[in-house]
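Enquirer: Would you mind keeping the following structure in view while I ask a few things?
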Amino acid sequence: MPFPPSMVKTVRLGDDWLFWCPGCQTSHRLCKRWSFVNHDVTSPTFTPSLITDPDGKRCHVIIENGNLKYLDDCHHGLRNQTVPMESVYES
Ligand SMILES: [Zn+2]
């Protein structure tokens, strides 16, 4: 791997990309519907924003330059906050 694991913010899983969501305390998966705009695994930008709603627990996030911008309709405490992405190898 070209980067130390601590710098890697998203990893490939088949055709998808995975990243850690500190709001949901789980990883989220981005399928081919998203484009990996900058192809930088240490500081990723994906479009469009991601909305997940498992069991009614909504998470809505913009992934931009290695930051997670949570929108105000998230169920968790990081709504309306922007936080740096964490390594996918730590949890
Ligand atoms: Zn989430």
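When you line the sequence shown up against the working numbering, it's residues 54 to 144, in that order. We treat Cβ as the ideally placed atom computed from N, Cα and C, and that holds for glycine.
Considering only heavy atoms of ligand 1, does any lie closer than 7 Å to the CB of residue 130?
Expert: False, no ligand heavy atom lies under 7 Å from that Cβ.
Enquirer: Applying the 10 Å Cβ sphere with the 16-neighbour rule, what's the burial state of residue 62?
Expert: Looking at its Cβ environment, which holds 16 or more other Cβ atoms inside 10 Å, residue 62 is buried.
Enquirer: As an exercise, report each continuous beta strand (DSSP E) stretch of at least 3 residues that is fully enclosed by the stretch 90–141, in chain order.
Expert: Counting whole runs of 3 or more residues, the stretch 90–141 contains the beta strand (DSSP E) stretches 103–105, 112–117, 120–123 and 135–137.
Enquirer: If distances are taken between C-alpha atoms only, which option among 88, 84 and 91 comes closest to residue 66?
Expert: Comparing Cα positions, the closest option is 84.
Enquirer: Whole angstroms is fine: what's the gap from residue 127's alpha carbon to residue 94's?
Expert: About 25 Å.
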